[in-house]
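Okay, structure first, notes after.
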Amino acid sequence: MFEFAWPWIFLLLPLPWLMRLVLPVADSGEPALRVSFLADLEGLARRRARANLPAWRQQAPFMLLWLLLLSAAARPQWLGEPLPIAASGRDLLVAVDVSGSMDFPDMQWQDEDVSRLSLVQHLLGDFLESRDGDRVGLILFGSQAYLQAPLTFDRHTVRVWLDEARIGIAGKNTAIGDAIGLALKRLRMRPAQSRVLILVTDGANNGGEIDPLTAARLAASEGVKIYPIGIGANPQDSGSTGLLGVNPSLDLDEPALKAIAQATGGQYFRAHDGKELQAIKDTLDQLEPVTQQPTQARPAQALYQWPLAFALLLSLLLVARELWPDNPLQRLFTKELYLQSPLPDWRERLKRLRLRRRR
Numbered sequence: 004m005f006e007f008a009w010p011w012i013f014l015l016l017p018l019p020w021l022m023r024l025v026l027p028v029a030d031s032g033e034p035a036l037r038v039s040f041l042a043d044l045e046g047l048a049r050r051r052a053r054a055n056l057p058a059w060r061q062q063a064p065f066m067l068l069w070l071l072l073l074s075a076a077a078r079p080q081w082l083g084e085p086l087p088i089a090a091s092g093r094d095l096l097v098a099v100d101v102s103g104s105m106d107f108p109d110m111q112w113q114d115e116d117v118s119r120l121s122l123v124q125h126l127l128g129d130f131l132e133s134r135d136g137d138r139v140g141l142i143l144f145g146s147q148a149y150l151q152a153p154l155t156f157d158r159h160t161v162r163v164w165l166d167e168a169r170i171g172i173a174g175k176n177t178a179i180g181d182a183i184g185l186a187l188k189r190l191r192m193r194p195a196q197s198r199v200l201i202l203v204t205d206g207a208n209n210g211g212e213i214d215p216l217t218a219a220r221l222a223a224s225e226g227v228k229i230y231p232i233g234i235g236a237n238p239q240d241s242g243s244t245g246l247l248g249v250n251p252s253l254d255l256d257e258p259a260l261k262a263i264a265q266a267t268g269g270q271y272f273r274a275h276d277g278k279e280l281q282a283i284k285d286t287l288d289q290l291e292p293v294t295q296q297p298t299q300a301r302p303a304q305a306l307y308q309w310p311l312a313f314a315l316l317l318s319l320l321l322v323a324r325e326l327w328p329d330n331p332l333q334r335l336f337t338k339e340l341y342l343q344s345p346l347p348d349w350r351e352r353l354k355r356l357r358l359r360r361r362r
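Here it is as structure tokens:
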């Protein structure tokens, strides 16, 4: 089915005529001479003067050009048949810590040392993309929390945005309470049995305006389950230290994360390495789906390029009409009839006509 996504664009159709009424008339800069003996000149030259077409015919190409541009701006599209979308699943938000400590390279991925954020991007990205039938979203938090991707069935795009996350993009601190509050704001309008937040962090709450445990109690009252994941190697097993000689793993506030999980009916996980995070991902994959109201989507094929292409072609023809006046398009919008080729002595005939009038 054909339709315009923004049909209100056509309300701009009379805009050029309104501007013509409001703006002053432009001066063409060409001199004009009125003569009373034009018929005599046509008779001597045996050639009829050029007469312009009516105003509406002169404006016709510009009217068509304006209509084509409006048609392209109104987003014409062809809607296909409705397609069912899997609606059995959860509304799953993932909040990922992107504070400075997540850049600490104490994790292993394919026998290589990688940062904590890189490991989360590898494994949690696969988890998000495999959540068939779930709406997934992404929150990045540091000193503040930001919604990077709203709840959507487009899991691949959420995976791409997770892969593009960078350390410090939301600040250097860790605002766990703000991340939970933002997730609660986005999940509270969804069905009560399908609200899940996966919280990935490697530190303690040292920023933001909301206390994490207070935010967790609010989430519990709204039926949101939180699954915190504490990430980072054991301080005893990791020989590397941070900038000040302190292992960032010592900052992880496990008691607070456990309290958050207990308050919301979720479960706390600890990921010391890539293998444990993989096992956590497998556990989260077993979350029971919840039947939701079936939804449908209609694929839309954009057609704006066609009126835009015709507008470009018409513009080129109008430019050609100005640059090369003697062309078929020019003769279409102006009428000029030639009875016979002009005689070579027309000046002499005009002189004789003037002499007869004087007598």
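Residue numbers for the sequence shown follow the numbering used here, so the first one is 4 and each next one is one higher.
In this text, a Cβ means the ideal position worked out from N, Cα and C, and glycines have one as well.
| Item | Value |
| --- | --- |
| As assigned by DSSP and simplified to three states, the class of residue 82 | strand |
| Residue 105 classed as buried or exposed, judged by whether at least 16 other C-beta atoms fall within 10 angstroms | buried |
| Residue nearest to residue 262 in terms of C-alpha spacing, selected from 13, 218, 174, 304 | 218 |
| Burial state of residue 188, where buried means 16 or more other Cβ atoms lie within 10 Å | exposed |
| Other residues of its chain near residue 72: CB distance less than 7 angstroms, five sequence neighbours each side excluded | 314 |
| Residue 177, DSSP secondary structure in three states | coil |
| Beta carbon of residue 178 nearer than 8 angstroms to that of residue 144 | yes |
| Cβ-Cβ distance between residue 234 and residue 205 below 8 angstroms | yes |
| Residue 322 (DSSP reduced to helix, strand or coil) | helix |
| Residue 231: first and last residue of the uninterrupted beta strand (DSSP E) it sits in | 228 to 234 |
| Residue 213 - DSSP class collapsed to helix/strand/coil | coil |
| Contacts around residue 223, its chain only, beta-carbon distance under 6 angstroms, and the 5 residues preceding and following it disregarded | 266, 267 |
| Same chain, Cβ closer than 6 angstroms to residue 271, neighbours up to 5 away in sequence not counted | 231, 260, 261, 264 |
| Spatial neighbours of residue 162 in its chain, beta-carbon cut-off 7 angstroms, leaving aside the 5 residues before and after | 128, 131, 132 |
| Residues bridged to residue 303 [DSSP beta-bridge criterion] | 82 |
| Beta strand (DSSP E) segments (min. 3 residues) lying fully within the region 101 to 184 | 110 to 112, 115 to 117, 138 to 144, 148 to 155 |
| Residue 182 beta carbon less than 8 angstroms from that of residue 98 | yes |
| Coarse secondary structure for residue 285, derived from DSSP in three states | helix |
| Helix, strand or coil at residue 28 according to DSSP, with G and I counted as helix | coil |
| Coarse secondary structure for residue 254, derived from DSSP in three states | helix |
| Straight-line Cα distance separating residue 280 from residue 102 | 19 angstroms |
| Spatial distance of residue 19 from residue 5 (CA atoms) | 27 angstroms |
| For residue 201, the residue or residues it bridges with in DSSP | 97, 230 |
| The region 113 to 123 touching the region 150 to 164, judged by at least three CB pairs closer than 8 angstroms | no |
| Residue closest to residue 308, alpha-carbon to alpha-carbon, out of 9, 15, 78 | 78 |
| Beta-carbon proximity of residue 139 to residue 95, cut-off 8 angstroms | yes |
| Per DSSP, cross-strand counterpart(s) of residue 6 | 80 |
| Residue 273, enclosing beta strand (DSSP E) - first and last residue | 272 to 274 |
| Whole-angstrom distance between residue 69 and residue 284, CA atom to CA atom | 56 angstroms |
| CB of residue 310 within 8 angstroms of CB of residue 8, strictly | no |
| From 312, 134, 220, 148, residue whose alpha carbon lies closest to that of residue 212 | 148 |
| Buried or exposed (CB count within 10 angstroms, at least 16 for buried), residue 312 | exposed |
| Neighbourhood of residue 118 by C-beta distance below 6 angstroms, restricted to the same chain and skipping five residues each side | 106, 108 |
| Buried/exposed call for residue 93, threshold 16 Cβ in 10 Å | buried |
| Rounded straight-line distance, which links the Cα of residue 66 to that of residue 229 | 60 angstroms |
| Own chain, CB closer than 8 angstroms to residue 257, minus 5 neighbours either side, in chain order | 233, 271, 273 |
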